[in-house]
């Protein structure tokens, strides 16, 4: 596998993953969207289909689409450590491109939502920010770009991300997919259903990042975009959906080496 295969596959595949995954979050969140209030089932299945589509597109690179998957495969011996920086850099770039495409696609809805009088009424006139007591450091559309906890408890939030990612990476490793996700149609489909299952069963506490690039890349885009009344990007929480998934991947790889 060449460096160009990795770069092109991971960048485009991750961009599509975030475009479709972030897109479903935008669809159910933003005013003037036809899918407004479609609910958690739409989000979980939307992310499952996002994984499915991104993995098929990224077949030339092995379709990791996730730094946690890359680290898990590297620990398990399925990916060269020398390729890890290129994988993760491409995934981050793709995630930022995907988040930007979500903004472009829903530009009118973002404008309508963030300038709605009901939302504007909650703003702090001195700071122009959303009421910090209602959403600590997190703006009203941040959930479209990245994850956040329903209850802020560092230990619980970190443990949730570790557990969810360990399930994902262990499911991938036990398929024998040493080159990542896109090895067979059944493997990709199974992984997509695992992501749906994690969302339905384990996603409630934190919104299940289970992928550092999926959270950090779009969070950076949220901070950079010229969104009116967007509020903060919740940087105090940002380390949890990075450290938790990486730790979960290492845990899964360790279990796989010992037990399988």
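In my numbering, the protein residues as written are 38 to 297. Even for Gly, the Cβ is constructed at its ideal location relative to N, Cα and C.
C-alpha distance - residue i paired with residue j, whole-angstrom precision
i           : j           : result
residue 184 : residue 252 : 6 Å
residue 203 : residue 288 : 6 Å
residue 96  : residue 84  : 18 Å
residue 264 : residue 110 : 38 Å
residue 267 : residue 182 : 12 Å
residue 164 : residue 282 : Interpretation of residue 164 is limited by its pLDDT of 49, a score under 50 that renders its predicted location unreliable; the figure taken from the coordinates is listed afterwards. Approximately 34 Å between the Cα atoms of the pair.
residue 256 : residue 137 : 11 Å
residue 167 : residue 231 : In this prediction, residue 167 has a pLDDT of 47, which is less than 50 and means its spatial position is unreliable; what the coordinates show is noted afterwards. When rounded, the distance between both Cα atoms is 35 Å.
residue 174 : residue 101 : 31 Å
residue 270 : residue 45  : 29 Å
residue 294 : residue 70  : 46 Å
residue 216 : residue 125 : In this prediction, residue 216 scores a pLDDT of 48, lower than 50, which makes its location untrustworthy; the coordinate-derived value is nonetheless stated afterwards. When rounded, the distance between both Cα atoms is 15 Å.
Environment of residue i [buried if 16+ CB atoms lie within 10 Å]
i           : result
residue 249 : buried
residue 223 : exposed
residue 122 : exposed
residue 193 : exposed
residue 61  : buried
residue 154 : exposed
CB of residue i within 8 Å of CB of residue j, strictly
i           : j           : result
residue 88  : residue 229 : yes
residue 211 : residue 242 : no
residue 254 : residue 132 : yes
residue 93  : residue 225 : yes
residue 119 : residue 43  : no
residue 139 : residue 59  : yes
residue 91  : residue 50  : yes
residue 112 : residue 290 : yes
residue 275 : residue 105 : no
Closest residue to residue i among the options (Cα-Cα distance)
i           : options            : result
residue 75  : 83, 65, 81, 82     : 65
residue 359 : 261, 96, 207, 110  : Here the chain has residues from 38 to 297 only, and residue 359 is not among them.
residue 130 : 195, 178, 48       : 48
residue 236 : 103, 46, 82, 176   : 82
residue 227 : 246, 209, 115, 148 : 209
residue 284 : 179, 272, 108, 91  : 108
residue 56  : 113, 135, 127      : 135
residue 298 : 59, 40, 277, 149   : The question about residue 298 has no answer here: the residues shown for the chain are numbered 38 through 297.
residue 191 : 117, 238, 273      : 273
residue 149 : 262, 67, 259, 258  : 67
residue 278 : 259, 152, 201      : 201
Minimum Cβ-Cβ distance from residue i to chain B less than 8 Å
i           : result
residue 194 : The displayed structure is made up of one protein chain only, and chain B is not part of it.
The ligand ATP heavy atom lying under 7 Å from the CB of residue i
i           : result
residue 240 : The ligand ATP is not among the ligands present in this structure, which contains no ligands whatsoever.
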